[in-house]
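Top to bottom, those sequences are chains U and Y. Residues in the first sequence are numbered consecutively from 6, following the numbering used here. Residues in the second sequence are numbered consecutively from 6, following the numbering used here.
There are 2 protein chains.
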Amino acid sequence: MCPMTEGTVRLDATAKRIIELLQEDGRISYAAIAKAVGLSEAAARARVQKLLDSDVMQVVAVTDPTQVGFTRQAMIGVRTEGDPMKVGDRLALVREVDYVVTTAGSFDLLVEVVCEDDPHLLDVIRQIRELEGVVSSETFVYLKLNKQHYNWGTR
Amino acid sequence: MCPMTEGTVRLDATAKRIIELLQEDGRISYAAIAKAVGLSEAAARARVQKLLDSDVMQVVAVTDPTQVGFTRQAMIGVRTEGDPMKVGDRLALVREVDYVVTTAGSFDLLVEVVCEDDPHLLDVIRQIRELEGVVSSETFVYLKLNKQHYNWGTR
DNA sequence: CAAAGAATCTGCGGTAATCGCAGAATTAAC
DNA sequence: GTTAATTCTGCGATTACCGCAGATTCTTTG
Chain U
6 MCPMTEGTVR
16 LDATAKRIIE
26 LLQEDGRISY
36 AAIAKAVGLS
46 EAAARARVQK
56 LLDSDVMQVV
66 AVTDPTQVGF
76 TRQAMIGVRT
86 EGDPMKVGDR
96 LALVREVDYV
106 VTTAGSFDLL
116 VEVVCEDDPH
126 LLDVIRQIRE
136 LEGVVSSETF
146 VYLKLNKQHY
156 NWGTR
Chain Y
6 MCPMTEGTVR
16 LDATAKRIIE
26 LLQEDGRISY
36 AAIAKAVGLS
46 EAAARARVQK
56 LLDSDVMQVV
66 AVTDPTQVGF
76 TRQAMIGVRT
86 EGDPMKVGDR
96 LALVREVDYV
106 VTTAGSFDLL
116 VEVVCEDDPH
126 LLDVIRQIRE
136 LEGVVSSETF
146 VYLKLNKQHY
156 NWGTR
């Protein structure tokens, strides 16, 4: 439900290099990883598995939702009363919500939603505003996705 | 530089199912995909390759940046004058920027940045505000990542 | 410091997946 | 209806994956 939030794991240089390789190509073979980092194939495989098991990293397909039938995306800024984390965790349970962060600033939470069309988005917004602890919200409908990348390890 | 923005490709049910499988596990074997969608291994492999080549989908490792040495993340709302797309495309060139969307609402652009620390973030904000066409900006520093997922194909 | 314990690594054999290609089948274009 | 283009199947040859046994390194503890 909510991956990668618990205690920070210690990552050595090899682990970071492995992550970088998989950020460039999530389907690279274990053998290629092993050669690149100077380990045996079995060791490389074990390290990848450990990174996955500990939720430090996940390897997934990422798409532009508009190309897969979800034509309405939006970011919703939410102001809360009480504990923002609590509201955030509840928002995380909403199916259409794919991204929730607690922030400092004029919003307490930023929530990204993926919807099929405008009525669907409207319904999700209603759903969010009815949540206990939500004071107000502001919606930013996506017009164009200009950039999306995941390889900040490799710069 | 800027993937998945051009003309929408036609996706049939099989392509969608393949995407769903890879959203759950980016390292699933071609053989397993083939069995799941009822194609030969070679055909499944060709279709995955096509989806990757056409930038409909990318398979990548995704991490919580805070665990990999980038402790300061933020969303920056940007107001522009002139063509927001133009500014958005220029923002996409900034190294620390991993996500840019053009939006409707009180911001014209939403920009996510990944930084190593506060001074680094400060520098990136300065950099953004100096860009031609940027009128003002508002920064939302991330305190906690509550949810992050990529499998809206599978609901 | 020494010894026990835990974690991590290497090497390897059996199995399974990947790759590339030739030809068949299907779909699209005219 | 014919041509062209795309997509699929089948199948060797190659390569990668998996699990494990034993060696090595790192950590803990008396």
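Here a beta-carbon is modelled for each residue, glycine too, at the ideal position from N, C-alpha and C.
So within the stretch 76-133 of chain U, which uninterrupted alpha helix (DSSP H) runs reach at least 4 residues, ignoring any that extend past its ends? 89-96
Thinking C-beta only, is Y/Y147 closer than 7 Å to U/V106?
Stepping through the first sequence from its first residue, residue 106 of chain U is reached at position 101. Stepping through the second sequence from its first residue, residue 147 of chain Y is reached at position 142. Yes, the Cβ-Cβ distance between U/V106 and Y/Y147 is below 7 Å.
### Query
Mind pulling the chain Y residues with CB within less than 7 Å of U/P70?
To locate residue 70 of chain U, count along the first sequence from 1; it is residue 65. By Cβ distance, chain Y contributes W157.
Practice item. Output, in chain order, the set of chain U residues within a Cβ distance shorter than 7 Å of Y/I130. Key: As a first step, residue 130 of chain Y must be located in the second sequence, where it is residue number 125. Going along chain U, no residue has its Cβ under 7 Å from Y/I130, so there is no contact; the nearest lies around 12 Å.
According to DSSP, is U/Y147 part of a helix, a strand, or is it coil?
One-based indexing of the first sequence puts residue 147 of chain U at position 142. Looking at U/Y147 - three-state DSSP - the assignment turns out to be strand.
Which residue marks the beginning of the alpha helix (DSSP H) containing U/T19, and which one marks its end?
As a working mapping, residue 19 of chain U is identified with position 14 in the first sequence. Note, U/T19: alpha helix (DSSP H), 18-29.
Point to revise | Spatial neighbours of U/R22 in its chain, beta-carbon cut-off 6 Å, leaving aside the 5 residues before and after | key: As a first step, residue 22 of chain U must be located in the first sequence, where it is residue number 17. So the list reads V42, once near-sequence residues are dropped.
Y/V61 by DSSP, collapsed to three states: which one? For the purposes of this step, residue 61 of chain Y is taken as the residue at position 56 of the second sequence. It is coil, neither helix nor strand.
inquiry  = Just verifying my parser: in three-state terms, what is the DSSP assignment at U/P8?
reply    = Translated into positions along the first sequence, residue 8 of chain U becomes position 3. Low confidence applies here, because U/P8 scores a pLDDT of 35, under 50, leaving its location unreliable and the question unanswered by this model.
Counting only Cβ pairs nearer than 9 Å, list the residues of chain U close to Y/E143. Position 138 of the second sequence, counting from 1, holds the residue named residue 143 of chain Y. In chain order: G110, S111.
So if I threshold CB-CB distances at 7 Å, which residues from the stretch 20-51 of chain Y count as touching chain U?
K21, I24, L27, Q28, G31, R32
Suppose you measure from the CA of U/D94 to the CA of U/V116; what does that come to, to the nearest Å?
Counting from one through the first sequence, the residue named residue 94 of chain U turns up at place 89. Counting from one through the first sequence, the residue named residue 116 of chain U turns up at place 111. C-alpha separation (whole angstroms): 11 Å.
**Request:** Mark Y/A20 as exposed unless 16 or more other C-beta atoms lie within 10 angstroms of its C-beta, in which case mark it buried.
**Result:** Numbered from 1 along the second sequence, position 15 holds the residue referred to as residue 20 of chain Y. The residue is buried, with at least 16 neighbouring Cβ atoms inside 10 Å.
Task: Within 7 Å, strictly: CB atoms of Y/E25 and Y/Y35 - done: Taking the second sequence and counting its residues from 1, one reaches residue 25 of chain Y at position 20. Taking the second sequence and counting its residues from 1, one reaches residue 35 of chain Y at position 30. No, Cβ-Cβ distance for Y/E25 and Y/Y35 is not below 7 Å.
Checklist line | Neighbour list for U/H154 in chain Y, Cβ cutoff strictly below 7 Å | finding: In the first sequence, the residue the question calls residue 154 of chain U occupies position 149. Correct list: D103.
Discussion item. Bridge partners for U/V139 per DSSP, in chain order?
Written reply: Counted from its first residue, the first sequence places residue 139 of chain U at position 134. BP columns for U/V139 point to U/T85.
Margin query: Quick check on U/M9: buried or exposed, where buried means 16 or more other Cβ atoms within 10 Å of its Cβ?
Written below: Along the first sequence, one-based indexing puts residue 9 of chain U at 4. Note that U/M9 scores a pLDDT of 34, beneath 50, so its modelled location is shaky; the value from the coordinates is reported in the next line. U/M9 should be labelled buried.
Point to revise | Boundaries (first-last residue) of the alpha helix (DSSP H) holding Y/I33 | key: On the second sequence, position 28 is the one that residue 33 of chain Y refers to. Taken as a continuous stretch (DSSP letters only), Y/I33 belongs to no alpha helix (DSSP H), as it is neither H nor E.
* Spell out the partners DSSP gives Y/A47 in its beta bridges. => As a first step, residue 47 of chain Y must be located in the second sequence, where it is residue number 42. Paired residues: none, contrary to the question.
message: Quick check: what's the CA-CA separation for Y/C120 versus Y/S142?
response: Your numbering for residue 120 of chain Y matches position 115 in the second sequence. Your numbering for residue 142 of chain Y matches position 137 in the second sequence. The straight-line gap from Cα to Cα measures roughly 17 Å.
Practice problem: Would you tell me roughly how many angstroms separate the C-alpha atoms of Y/Y155 and U/T68, rounded to the nearest one? | Solution: Residue mapping note: residue 155 of chain Y aligns to position 150 of the second sequence, counting from 1. Residue mapping note: residue 68 of chain U aligns to position 63 of the first sequence, counting from 1. Y/Y155 and U/T68: Cα-Cα distance of roughly 8 Å.
Next on the checklist: Can you find the residues in the same chain that come closer than 7 Å, C-beta to C-beta, to U/F75, ignoring five residues on each side of it along the sequence?
Outcome noted: What you label residue 75 of chain U is simply residue 70 of the first sequence in a count that begins at 1. Once the five neighbours on either side are set aside, the close Cβ partners of U/F75 are V119, C120, E121.
Note to self: Using a Cβ-Cβ distance cut-off of 7 Å, determine whether Y/A18 contacts chain U.
What the structure shows: Translated into the one-based positions of the second sequence, residue 18 of chain Y becomes position 13. For Y/A18, the answer is no, since every Cβ of chain U falls outside 7 Å of its Cβ.
**U/D123 beta carbon less than 7 Å from that of U/R77** = Here residue 77 of chain U is taken as the residue at index 72 of the first sequence, counted from 1. Here residue 123 of chain U is taken as the residue at index 118 of the first sequence, counted from 1. Yes, they are a contact pair.
Problem - Integer-rounded CB distance, given that Y/F112 should sit under 8 Å from U/F112 - result: Residue numbering aside, residue 112 of chain U sits at position 107 when the first sequence is read from its first letter. Residue numbering aside, residue 112 of chain Y sits at position 107 when the second sequence is read from its first letter. Not quite, the Cβ-Cβ distance comes to about 11 Å (not below 8 Å), so this is no contact.
>> Residues in the same chain with beta-carbon distance under 8 Å from U/H125, minus the five sequence neighbours each way, listed in chain order, please.
In response: Counting from 1 along the first sequence, the entry for residue 125 of chain U is found at position 120. Taken in chain order, the residues that qualify are R77, E101.
| query | Is it the case that the Cβ atoms of Y/Q28 and U/A66 are separated by a distance below 7 Å? | reply | The count along the second sequence starts at 1 and reaches residue 28 of chain Y at position 23. The count along the first sequence starts at 1 and reaches residue 66 of chain U at position 61. Taking 7 Å as the Cβ cut-off, Y/Q28 and U/A66 qualify as a contacting pair.
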